[in-house]
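Structure, as structure tokens:
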Amino acid sequence: MTVISGCNQGQGGDAPQATVNGSAVSYRGRGLTSRQDISVQVRLAEPGHGIVFAIGKGGAPVHVPARAEFVVHTLRNVVLGREGARLCIVEHFLAAASLWGLSDLLVAVDGPEMPLGDGSAAFWLELFEAAGWEKTSRPARIELSEPITCRKGDKLLIALPDDHFSVSYHIDWDHPAIGKRWQSWDASMDSQAVANARTFGSLNEHKLLGIENEVVSLTADGFSQPLRFPDEPVRHKLLDLIGDLALSGVNPLAFKARFVSIKAGHELDVEMASRLASLISAGQCGQSSI
Ligand SMILES: [Zn+2]
555 MTVISGCNQG QGGDAPQATV NGSAVSYRGR GLTSRQDISV QVRLAEPGHG
605 IVFAIGKGGA PVHVPARAEF VVHTLRNVVL GREGARLCIV EHFLAAASLW
655 GLSDLLVAVD GPEMPLGDGS AAFWLELFEA AGWEKTSRPA RIELSEPITC
705 RKGDKLLIAL PDDHFSVSYH IDWDHPAIGK RWQSWDASMD SQAVANARTF
755 GSLNEHKLLG IENEVVSLTA DGFSQPLRFP DEPVRHKLLD LIGDLALSGV
805 NPLAFKARFV SIKAGHELDV EMASRLASLI SAGQCGQSSI
């Protein structure tokens, strides 16, 4: 077992703790809204298992697959639920798993949300690497026969058939430090270009939650902390999109598709994941045998 130092240096409160022993990765850190210390243990599972969260303390956790059909809430974050158990903010972890090429995991969580860490997904990648879990990047293999469109008001998310996986996002915030920006990512690029992008939100809201020193907040004309990228907010939107698409039940990087999002968020992302899952289960997505 190795204790990972330097992994996700949160500020204030108990320092996050991370350990690995090869077959399992453990992480303990603060939840964004519950402010509870939450422990997570991630284990590799057999092929075909999918990503399944085991929620709750004690001997009878509720098992909730990371699939769109178990999503109960999409306002600001994605919440999975089943039999009274709830788990908030699953998207950053799912993005990390997807970027590392992981599709089969059992994730035991003893609280109502995944720990936020620094608001990015990079700390999960550090843990996977420290555990010796090899990063895999197989060529995309699942074909779309036609475009898929999800739309609500001025928000739009489309999936277009392509030769490989890519995501593009257009952010349009009426804020002097964000404004209108496009950013894209594909599997030939460094995972850190999206995994390292932290979540962000309003300073007032973060003060109410008492987390203004831990995460990136928007001030009147900028940000409360130096950014890791000049366009970190739009990169984080790409991270959210990748994590949400994992709710299709397959690693989103397996789709031979170009996902283009215009101001969309978790609600449309989950709708897209649901439609992808339906097409796969109906046998309407071609699959090359790679
Ligand atoms: Zn996010």
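Under my numbering, the first residue of the sequence shown is numbered 555, with each subsequent residue one higher.
C-beta: ideal position from N, C-alpha, C; glycine also.
Pair within 9 Å by beta-carbon distance, residue i and residue j
i	j	result
GLU766	SER778	yes
LEU659	VAL814	no
HIS718	PRO701	no
GLY803	PRO619	yes
ALA651	ASN805	yes
ALA578	ALA675	no
CYS839	LEU641	no
LEU807	ALA741	yes
LYS810	SER745	no
THR587	LEU763	yes
Three-state secondary structure assigned by DSSP to residue i
i	result
GLY840	strand
ALA572	strand
TRP874	Since the first residue of the chain shown is 555 and the last is 844, residue 874 is not available in this structure.
VAL783	According to the sequence provided, residue 783 is Phe. The question's Val does not apply to it. If DSSP states are grouped into helix, strand and coil, PHE783 belongs with coil.
SER742	coil
HIS729	coil
LEU833	helix
VAL579	strand
SER815	strand
ASP823	helix
GLY612	coil
ARG789	helix
PHE719	coil
TRP654	helix
VAL748	helix
SER802	helix
LEU795	helix
SER756	strand
HIS538	Since the first residue shown for the chain is 555 and the last is 844, residue 538 is missing from the structure and cannot be characterised.
GLY646	Correcting the residue type first, residue 646 is His in the shown sequence and not Gly. Helix.
SER771	strand
SER828	helix
LEU807	helix
ALA662	strand
LYS709	strand
GLY776	coil
Cβ neighbours of residue i in the same chain (closer than 6 Å, five flanking residues each side left out)
i	result
ASP794	GLU645
VAL626	VAL633, GLY635
ARG812	LEU714, ASP716, SER720
LEU594	The sequence shown places Val at residue 594, not Leu. Taken in chain order, the residues that qualify are TYR581, VAL663.
ALA649	ALA675, LEU793, ILE796, GLY797
ILE592	GLY585, GLY665, PRO669
Close beta carbons around residue i, own chain, < 7 Å, minus the five adjacent residues each side
i	result
VAL788	TYR723, ILE725, ARG735, GLN737
ASP798	VAL632, GLU645, HIS820, ASP823, VAL824, ALA827
GLY567	Bear in mind that the predicted position of GLY567 carries a pLDDT of just 44, short of 50, making it unreliable; the figure below should be weighed with that in mind. Same-chain partners within the cutoff: ARG584.
ARG621	LEU801, GLY803, ALA831
ALA747	TRP739, ARG789
GLN590	GLY665
ILE712	PRO701, ILE702, THR703, VAL814
ASP708	LYS817
PHE783	ALA751, ARG789
VAL596	ALA578, VAL579, LEU659, VAL661
HIS760	GLU766, VAL769, SER771
Presumed contact (8 Å Cβ cut-off) between residue i and residue j, rounded CB distance
i	j	result
LEU679	TRP654	6 Å
PRO570	GLY583	4 Å
PHE647	MET668	5 Å
LEU598	TRP687	7 Å
ILE696	GLN841	6 Å
GLY604	SER657	7 Å
Contacting residues, own chain, Cβ-Cβ under 8 Å from residue i (five flanking each side not counted)
i	result
VAL616	ALA608, ILE609, GLY610, ARG636, GLU637, GLY638, ALA639
PHE754	GLY673, VAL769, VAL770, SER771, LEU772, PHE777, GLU786, PRO787, HIS790
ALA538	With the chain covering only 555 through 844, there is no way to say anything about residue 538.
GLU623	SER828, ALA831
LEU757	GLU766, SER771, LEU772, THR773, SER778
GLY602	ASP658
ARG705	LEU711, LEU822
SER835	none
> Closer than 6 Å from C-beta to any heavy atom of ligand 3: which residues, in chain order?
Replying inline: This structure lacks ligand 3; its bound ligands are ligand 1.
> With contact counted as at least three CB pairs below 8 Å, one residue from each stretch, are the stretch 655-666 and the stretch 609-626 in contact?
Replying inline: yes
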